[in-house]
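A.B. asks: Going from the sequence shown to my numbering is simple: count from 1 and add 1.
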Amino acid sequence: MSPRKSAGKELSREMVLTEARNLFATLGYSNVSMRQLAKSLDCSHGAIYYHFKNKAEIFYSLVKTDFSVLNHLIDDIIMSENDPSQKIEKVLLCFIEFGLTQQNHYSIMFLSKEKEIQQLLQFDSNKTYEKLIQSLTELTDNKMNPASIWSIFLSLHGFITFYINSELSYPDVKGLAYFHVKNIIKNIV
Numbered sequence: 002m003s004p005r006k007s008a009g010k011e012l013s014r015e016m017v018l019t020e021a022r023n024l025f026a027t028l029g030y031s032n033v034s035m036r037q038l039a040k041s042l043d044c045s046h047g048a049i050y051y052h053f054k055n056k057a058e059i060f061y062s063l064v065k066t067d068f069s070v071l072n073h074l075i076d077d078i079i080m081s082e083n084d085p086s087q088k089i090e091k092v093l094l095c096f097i098e099f100g101l102t103q104q105n106h107y108s109i110m111f112l113s114k115e116k117e118i119q120q121l122l123q124f125d126s127n128k129t130y131e132k133l134i135q136s137l138t139e140l141t142d143n144k145m146n147p148a149s150i151w152s153i154f155l156s157l158h159g160f161i162t163f164y165i166n167s168e169l170s171y172p173d174v175k176g177l178a179y180f181h182v183k184n185i186i187k188n189i190v
């Protein structure tokens with residue numbers, strides 16, 4: 002048996018987050034314990050507590066980072082010099098690409114069903130949805146209402162969840178994603 006990693010030297014915060022993301026995405030939040038995470042990392046569970054006070058803090062760190070990354074991707078598109086219809090297309094494609102290239106991230110952000118973590122997800126998922134509302138409302142000169150934008154979100158989410166557990170990657174379905182987004186845009190521009 003190999004010696005366990007010490008808390009301060011080898012085990013980093015990023016290592017804990019990476020392994021926790023994999024376990025949460027594959028087993029579900031409620032099925033992962035701090036001891037199980039420690040075993041998977043080959044360290045003592047006390048070593049994890051050096052970086053995080055509990056499992057919820059680990060989960061929230063993951064979710065907060067993931068939503069922040071997605072929001073920044075959308076912001077970057079909005080700040081670009083493209084015309085509004087190109088921005089809309091890029092925002093919608095960006096959402097699909099994020100979901101299919103960051104499947105564990107997306108699963109944790111949008112597919113977690115456990116009531117224990119729904120409150121942790123609510124604030125940040127609402128911020129991302131509000132960013133989508135704001136972006137599409139501004140890019141369509143206020144022609145869209147929140148219900149229409151919610152329908153667009155559900156359409157994107159459905160596309161992602163259809164492919165998320167398949168053997169296909171984003172590059173494999175990029176053409177279909179583009180076609181899907183073009184059909185959505187026909188109804189809003």
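Backbone N, C-alpha and C fix where the C-beta goes; we use that ideal spot for every residue, glycine too.
1) Roughly how many whole angstroms lie between the Cα atoms of A8 and N23?
2) Could you check whether K132 and D76 sit closer than 9 Å to each other, using their CB atoms as the reference points?
3) Can L38 and A26 be called in contact, C-beta distance under 9 Å?
4) Which value, in whole angstroms, describes the spacing of the CA atoms of Q123 and A48?
5) Within the segment 26-70, note down every full alpha helix (DSSP H) run reaching 4 residues or more, in order along the chain.
6) Can you look up S12 in the DSSP assignment and give me helix, strand or coil?
7) Identify whether L74 lies in helix, strand or coil by the three-state DSSP scheme.
8) Can you list, in chain order, the residues of its chain with a C-beta nearer than 6 Å to that of N105? Leave out the 5 residues immediately preceding and following it.
9) For the putative contact between M145 and I189, defined by C-beta atoms under 8 Å, what is the C-beta separation to the nearest angstrom?
10) With a cut-off of 8 Å, do at least 3 Cβ pairs link the segment 83-96 to the segment 46-66?
C.D. replies: Taking the structure as given:
1) Legend: pLDDT at A8 = 43, less than 50; position of this residue unreliable, no value from coordinates given.
2) yes
3) no
4) 29 Å
5) 35-42 and 46-50
6) This sequence places Leu at residue 12; Ser is not what is there. L12 falls in the coil class under three-state DSSP.
7) helix
8) R22 and A26
9) 6 Å
10) no
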